[in-house]
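Let me begin by presenting the structure, written as structure tokens, before commenting on it.
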Amino acid sequence: MDDSEPGWMKVHSFFSDINGKTALLLTTKTPRSIAKKGHDTVQIAVYSVLIAGLGILLMILLGLKKIILNPLDALTRHALAIRQSGDYTKRLSSPRKDEIGILSREFDNMMAFIEKTSRSLAETNAQVQKDMKKRLQN
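Count the sequence shown with the working numbering and you get residues 74 to 211, in order.
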């Protein structure tokens, strides 16, 4: 590059022959205003791509939040509410047909099994206590 003339950008390229000697000198002289416009255009294109990429990323994040994170949060809050209350009769009853819906239904099935087992255990415990009282009285 040659900056000897203000307002102009000169670029020189040398091409060698088969013996390695300079055979051709190619010089281009471009007004700096054109180079500046090209630089500005590339800069705008880069910023546009970055803004578009951030917009797409934001849409993906919002979609993930709605489709995956919110339902998992609901399932977590449901599990915590059951743990705190000890009420195994609570059900989530998710209508979803995807993996999160399957997980929710299986969680409800597990709660139904625990409820049934807990009730059976309580009945057996009551029966054992009743039998022990009878034996102790005899």
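Built from N, CA and C at the ideal position, the CB exists for glycine as well.
Limits of the unbroken beta strand (DSSP E) element including residue i
i           : result
residue 191 : Per DSSP, residue 191 belongs to no beta strand (DSSP E); it is in the alpha helix (DSSP H), 172-210.
residue 138 : Run containing residue 138: none; DSSP gives neither H nor E here.
residue 101 : 95-104
residue 163 : It is not in any beta strand (DSSP E) - residue 163 carries neither H nor E in the DSSP assignment.
residue 89  : 81-89
Nearest-angstrom beta carbon gap, residue j and residue i [assumed within contact, 8 Å]
i           : j           : result
residue 84  : residue 95  : Not quite, the Cβ-Cβ distance comes to about 16 Å (not below 8 Å), so this is no contact.
residue 215 : residue 155 : Because residue 215 is not part of the residues shown, which for the chain are 74 to 211, the question remains open.
residue 151 : residue 163 : 7 Å
residue 80  : residue 104 : 6 Å
Under 8 Å between C-beta atoms of residue i and residue j
i           : j           : result
residue 165 : residue 153 : no
residue 167 : residue 159 : no
residue 82  : residue 118 : no
residue 161 : residue 193 : no
residue 99  : residue 86  : yes
Reference residue i; option with closest CA among the options
i           : options       : result
residue 145 : 181, 176, 205 : 176
Contacting residues, own chain, Cβ-Cβ under 8 Å from residue i (five flanking each side not counted)
i          : result
residue 77 : 83
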